[in-house]
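Structure record follows, encoded as structure tokens.
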Amino acid sequence: MTRRFDILTLFPEGIVTYLQSSLLGKAVEKDLLEFKVHQMRDYAEDKHRRVDDVLYGGGEGMVMKPEPLAKAIEQIRKDYRKGRVIYLSPQGRRLDQALVRELGDYQELLLICGRYEGIDERILEGWVDEEVSLGDFVLCGGELAALAVVECIARYVPGVVGKAKSLEEESFAEGLLEYPHYTRPEEFQGRRVPDILLSGNHGEIERWRRREALRRTFEKRPDLLEGLKLSEEEREFIEELREKRR
Ligand code: 4GY
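Each position in the sequence shown, counted from 1, maps to that position plus 2 in the working numbering.
Dropping the structure here:
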């Protein structure tokens, strides 16, 4: 079944261009993915196609009016069988690989991109299933966040990413950072590729990569190591790194 993504935005052009030009465009041709980008203004009810309005209670800035949003959401999801409506904002649940997997279970996703100061609160209460955030920073609109969410989920749809390296063995999927990667030449401006990678000893190479992934995670993102199930040998390796640090 084709996985469907709907994106509701005031700036569809950039979104469409991106979706066509990447790996995702290829997946559309293969009928693995379907993208529908909707111009929010098309759902406005007045002749000026107005989608924003001033704040009740006063204050700077504009808010997205509820009527066009409700109308758009209802129309778009009327043929959803197993779908979810997501609003992108810094107030949402932080996106991580676990959430990517959860969202990947849905046949259809509707991503709503806010602009201005955001959307009328009643839309969040009555029309949105889930709020998702990329992180603790503020963009000018939800578009970049929506693309990020789509791309993360799409790469787990079978056939979208080549099978050169299975996504399952991607170390981030099991909670570690990636081991370092090298390509030719063997020596670049005085920096050599680690000898082990040239040895042809696949067992040793696997072991080295696993350790480097652990080392990097320990150095750059020690928080990821908590709650990870490691082998005896791996736990000892981490202990060694800790000792060396002192
Ligand atoms: N961070 N994660 C984010 C964002 C922009 C005003 C509401 C984020 O997901 N979205 O910064 N969004 C704001 C802009 C309306 C969304």
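Glycine included, each C-beta is placed from N, C-alpha and C at the ideal position. From a predicted model like this one, the values you see are computed outputs, not experimental measurements.
When the options are compared against residue i, the one with the closest alpha-carbon
i    : options                  : result
D107 : R96, Y158, L97 and E235  : Y158
P182 : K80, M3, I75 and L216    : L216
L10  : I121, R244, E208 and L57 : I121
R212 : H50, A72 and F239        : F239
Outcome for residue i when other beta-carbon atoms lying within 10 angstroms are tallied against a minimum of 16
i    : result
R96  : exposed
E60  : Reading the sequence as shown, one finds Gly at residue 60 and not Glu. G60 should be labelled exposed.
S233 : exposed
S23  : exposed
L178 : buried
T19  : exposed
K145 : In the sequence under discussion, the amino acid at residue 145 is Glu, which differs from the Lys named in the question. With 16 or more other Cβ atoms within 10 Å, it is buried.
D98  : exposed
L26  : buried
Beta-bridge partners of residue i, as assigned by DSSP
i    : result
E36  : R6
S135 : R96
F13  : According to DSSP, F13 bridges with nothing at all.
F190 : R193
D55  : V65
E110 : R6 and G85
Q41  : T11
Close Cβ partners of residue i (< 8 Å) along its chain, the five nearest in sequence each way excluded
i    : result
G276 : Only positions 3 to 248 of the chain appear in the structure, and residue 276 is not among them; the question remains open.
G202 : none
E188 : R194, V195 and L200
E206 : I198
G143 : T11, L12, F13, C115, G116 and R117
G16  : E145
Cβ neighbours of residue i in the same chain (closer than 6 Å, five flanking residues each side left out)
i    : result
E110 : R6, Y82 and G85
C154 : V102
K73  : Y45
Under 8 Å between C-beta atoms of residue i and residue j
i    : j    : result
D48  : M66  : no
L105 : I78  : no
P70  : A46  : yes
V87  : V130 : yes
L57  : Y89  : no
S135 : Q191 : no
Own chain partners of residue i with C-beta closer than 7 Å, once the 5 adjacent residues on each side are dropped
i  : result
T4 : D33, L34, L35 and E36
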